[in-house]
Amino acid sequence: MDIYGETFTSRLMLGTARYPSPDILKQSIEASGAEIVTVSLRRESANERAGQAFWNLIRETGVRVLPNTAGCHSVREAVTTAQMAREVFGTNWVKLEVIGDADTLQPDLFGLVEAARILTKDGFQVFAYTTEDLVAADRLVEAGCRVLMPWGSPIGSARGLNNVYGLRAMRARFPEATLLVDAGIGVPSHAAQAMELGYDGVLLSSAVALAGDPVSMARAFRLSVEAGRLAFEADPLQPRDMAEPSTPVLGLASFA
Amino acid sequence: MQISVIGAGVAGLCAAVTLAERGASVTVHERAGGLGPQAASWLAGGMLAPWCETESADRAIVEPGLAAIDWWAERVPDVRREGTLVIAPARDSGELSRFARRIGNQAERLDEAGLAALEPVLAGRFRQSLHYPQEAHLDPRKALEALAGRLSDLDGSVCFGSSAEPAGAKGDIVVDCRGIAGDQSELRPVRGEMLILRTSEVTLSRPVRLLHPRMPVYVVPREAGRFMVGATMLESGSTGGVTLRSAVELMNAAYAIHPAFAEAEVEEMSAGLRPSFSDNLPRVTQSGRVVSVNGLYRHGFLLAPSCAREAADLIFGQTDQKENAA
Chain A
1 MDIYGETFTS
11 RLMLGTARYP
21 SPDILKQSIE
31 ASGAEIVTVS
41 LRRESANERA
51 GQAFWNLIRE
61 TGVRVLPNTA
71 GCHSVREAVT
81 TAQMAREVFG
91 TNWVKLEVIG
101 DADTLQPDLF
111 GLVEAARILT
121 KDGFQVFAYT
131 TEDLVAADRL
141 VEAGCRVLMP
151 WGSPIGSARG
161 LNNVYGLRAM
171 RARFPEATLL
181 VDAGIGVPSH
191 AAQAMELGYD
201 GVLLSSAVAL
211 AGDPVSMARA
221 FRLSVEAGRL
231 AFEADPLQPR
241 DMAEPSTPVL
251 GLASFA
Chain B
1 MQISVIGAGV
11 AGLCAAVTLA
21 ERGASVTVHE
31 RAGGLGPQAA
41 SWLAGGMLAP
51 WCETESADRA
61 IVEPGLAAID
71 WWAERVPDVR
81 REGTLVIAPA
91 RDSGELSRFA
101 RRIGNQAERL
111 DEAGLAALEP
121 VLAGRFRQSL
131 HYPQEAHLDP
141 RKALEALAGR
151 LSDLDGSVCF
161 GSSAEPAGAK
171 GDIVVDCRGI
181 AGDQSELRPV
191 RGEMLILRTS
201 EVTLSRPVRL
211 LHPRMPVYVV
221 PREAGRFMVG
231 ATMLESGSTG
241 GVTLRSAVEL
251 MNAAYAIHPA
261 FAEAEVEEMS
271 AGLRPSFSDN
281 LPRVTQSGRV
291 VSVNGLYRHG
301 FLLAPSCARE
311 AADLIFGQTD
321 QKENAA
């Protein structure tokens, strides 16, 4: 998987919040094979240095950290959080979230595009949390985003891919962009489905963190993401209306 | 045997009382001028809820947690064995089934009438709820004061304003219970914020937990119309006051449980740091004559009694060996 010119083997990214303990988080990251994890600056600390002990635990796992602007509801808030995160984590990467609705936590696409423009100009490599809206995606690519993260369904809803048609269209429309399904993944089959659509990867958090056994669930997602990618690369069958015999009829004995 | 305990939070006072009960002569050294918010346990909810806590904690806490209820009931007044009530807003009712399943078959499932029978003030507010009858709660501040009183009955004492360090403290054994102020490098702070509300319009007999996908919150009834509302869990070492965001979330949750909380007086807003290891379980360790009890995380009142017993076993076990050797 290509992320701003760097290649990663794993196509699964994990969030780091709400695990039963940092130990279980660490084991889950290992079991998932993830090479990139997201960390929320705002939610995990009241000021920029206060979360140091927890961040050190994450750094010890050796994975790359993708700071996010989770919980930001305005352009200014998101931009400030991103700048703070760059300083704290020493990375130009940022997963940009500008939340537009408190109930669905869906992105504010107008604010998102504006914040993406500001941040890419400022040297950030933006991972934009967006919807499957093609026009918004166009604007984000124009703004310099190379990684787009459309939602599967609302954050934490575990509803899977709500608009398969829209996600398929987005993949077809942006063959060059790195597309990751983010949000709404509840079970491994959801992740496999995203991969079968040709998405480059998936990002998930609660599906693993809040599972009864996060470590086993992390492993299940690892397998499903691998399975979905393999299936995509293997050129799967397309659905058809009528049966097609899997055994050739030609040459069967005729009793006429 | 002369023992110095450092820190008068729940870890220190449980250790001190346990050791004094086994015949040691115990002095507790506390940096601050009295029992108070320098100890994370002063700000605790005081829920003795081993089952509900396993929603996100290791199963290992259940057995010592259940034993802790008896331990407290034998030593401090007003340990209420009324159970815990778990509710969810209608739109999150799926969370209730998940919670019940996760914890195992410990809950009584209540319908509206069942809830009204237990907590009349909540009648008609929630169609389904769960009751964990084996659980209990106490008022942490009263419990800590009662432990300090019990310690002096056992000829021990708490020495306030004493900045004793483990290395320099007197005694055959030093028990280090400094919490987040302890020097264990593996310890990390988990910030918690809480409120105390006061109203005469709501009466509850037991802690109520509100399940919500973004913020599990509880309201614990205390004496004189007071309610503790807690608590945030932030991976942060910030010692500043309660943030507006946290206050709003806690207040919203109380309001969701009962709208009459809107009229309650906000008596207190406090923030503290829970000492935590990376598995969020406590550790009792020994190095020379220093025994450390730390990392009680959000389970101070639940697990301090068993940690104290473990520390005492370590101390007296080794003394026995010495005596045998002599």
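Residue numbers (full-length UniProt numbering), protein chains in the order written: chain A, 1 to 256; chain B, 1 to 326.
Here a beta-carbon is modelled for each residue, glycine too, at the ideal position from N, C-alpha and C.
Since we're looking at a predicted model, the values are computed, not measured.
Item: Would you call proline 22 of chain A buried or exposed, if buried means 16 or more other Cβ atoms sit within 10 Å of its Cβ?; Value: buried
Item: Compare the C-beta of lysine 26 of chain A with all C-beta atoms of chain B and state if any pair is closer than 9 Å.; Value: yes
Item: Could you have a look at threonine 27 of chain B and say whether DSSP puts it in helix, strand or coil?; Value: strand
Item: Would the beta-carbon of leucine 204 of chain B fall within 9 Å of that of valine 229 of chain B?; Value: no
Item: Just to confirm, is the Cβ distance from alanine 85 of chain A to valine 94 of chain A under 9 Å?; Value: yes
Item: So aspartate 23 of chain A contacts chain B; which residues on that side make the cut at Cβ distance below 8 Å?; Value: Ser278, Asp279, Asn280
Item: What does proline 64 of chain B reach in chain A if we use C-beta pairs closer than 8 Å?; Value: Result: empty, since nearest Cβ-Cβ is about 17 Å, beyond 8 Å.
Item: Could one say the Cβ of phenylalanine 54 of chain A lies closer than 9 Å to chain B's Cβ atoms, at least one of them?; Value: yes
Item: When the Cα of serine 292 of chain B is compared with those of B/Ala20, B/Ala116, B/Val284, which residue comes out closest?; Value: B/Val284
Item: Please say whether threonine 84 of chain B and tryptophan 51 of chain B have beta carbons closer to each other than 9 Å?; Value: yes
Item: Under 8 Å Cβ-Cβ, which residues of chain A neighbour arginine 102 of chain B?; Value: Gly212
Item: Relative to the C-alpha of glutamate 119 of chain B, which candidate in B/Phe301, B/Val202, B/Gly12 has its C-alpha closest?; Value: B/Val202
Item: With 16 other CB atoms within 10 Å as the buried threshold, where does glutamate 193 of chain B fall?; Value: buried
Item: Along chain B, which residues have their Cβ under 9 Å away from the Cβ of cysteine 50 of chain A?; Value: The amino acid occupying residue 50 of chain A in the given sequence is alanine; cysteine does not appear at that position. Those are Pro189, Arg191, Leu234, Glu235, Ser236, Gly237, Ser238, Thr239, Gly240, listed as they occur along chain B.
Item: Is the separation between the beta-carbon of valine 26 of chain B and that of serine 157 of chain B shorter than 9 Å?; Value: yes
Item: Per DSSP, which residues does glutamine 27 of chain A bridge with? Please list them.; Value: According to DSSP, which records beta bridges pairwise, glutamine 27 of chain A is partnered with nothing at all.
Item: What in chain A is Cβ-close to residue 329 of chain B, meaning under 7 Å?; Value: With chain B represented from 1 up to 326, any question about residue 329 of chain B goes unanswered, as that position is not in the structure.
Item: For leucine 14 of chain A, decide whether its Cβ has a neighbour in chain B, counting only Cβ atoms nearer than 9 Å.; Value: no
Item: My output table needs one value for isoleucine 185 of chain A: the three-state DSSP class, helix, strand or coil.; Value: coil
Item: Answer yes or no: does any C-beta atom of chain B fall closer than 9 Å to that of leucine 66 of chain A?; Value: no
Item: Beta-carbon of leucine 57 of chain A versus every beta-carbon of chain B: anything under 9 Å?; Value: yes
Item: If you compare alpha carbons, which of B/Ala24, B/Phe227, B/Met47 is closest to proline 133 of chain B?; Value: B/Met47
Item: Given alanine 46 of chain A, which residues of its chain have a CB within under 8 Å of its CB, disregarding the five upstream and five downstream residues?; Value: Here alanine 46 of chain A scores only 46 on pLDDT, less than 50, and its place in the model is too uncertain to base an answer on.
Item: Are the CB atoms of leucine 25 of chain A and leucine 57 of chain A within a distance shorter than 9 Å?; Value: yes
Item: Can you tell me whether DSSP reads asparagine 56 of chain A as helix, strand or coil?; Value: helix
Item: Of the residues A/Val147, A/Gly198, A/Cys145, A/Arg18, which one's Cα is nearest the Cα of glycine 166 of chain A?; Value: A/Gly198
Item: Alpha carbon to alpha carbon, what distance is there between proline 221 of chain B and arginine 125 of chain B?; Value: 18 Å
Item: Let me know if serine 224 of chain A comes out buried or exposed under the rule of 16 or more other beta-carbons within 10 Å of its beta-carbon.; Value: buried
Item: According to the Cβ coordinates, are valine 10 of chain B and proline 140 of chain B closer than 9 Å?; Value: yes
Item: Under 6 Å Cβ to Cβ from glycine 144 of chain A, same chain only, skipping five residues before and after it: list those, please.; Value: Thr120
Item: What's the call for serine 206 of chain A, buried or exposed, on a 16-neighbour Cβ count within 10 Å?; Value: buried
Item: Note down the Cα distance separating glutamine 88 of chain B from leucine 237 of chain A, rounded to an integer number of angstroms.; Value: It should be pointed out that residue 88 of chain B corresponds to alanine in this sequence rather than to glutamine. Cα to Cα, the separation comes out at about 44 Å.
Item: Going by beta carbon distance, what residues of the same chain come within less than 7 Å of leucine 210 of chain A, once the five residues before and after it are set aside?; Value: Arg18
Item: Going by DSSP in three states, histidine 137 of chain B sits in which element: helix, strand or coil?; Value: strand
Item: Please name the residue or residues paired with cysteine 159 of chain B in a DSSP beta bridge.; Value: B/His29
Item: Put glycine 144 of chain A into one of helix, strand or coil per three-state DSSP.; Value: coil
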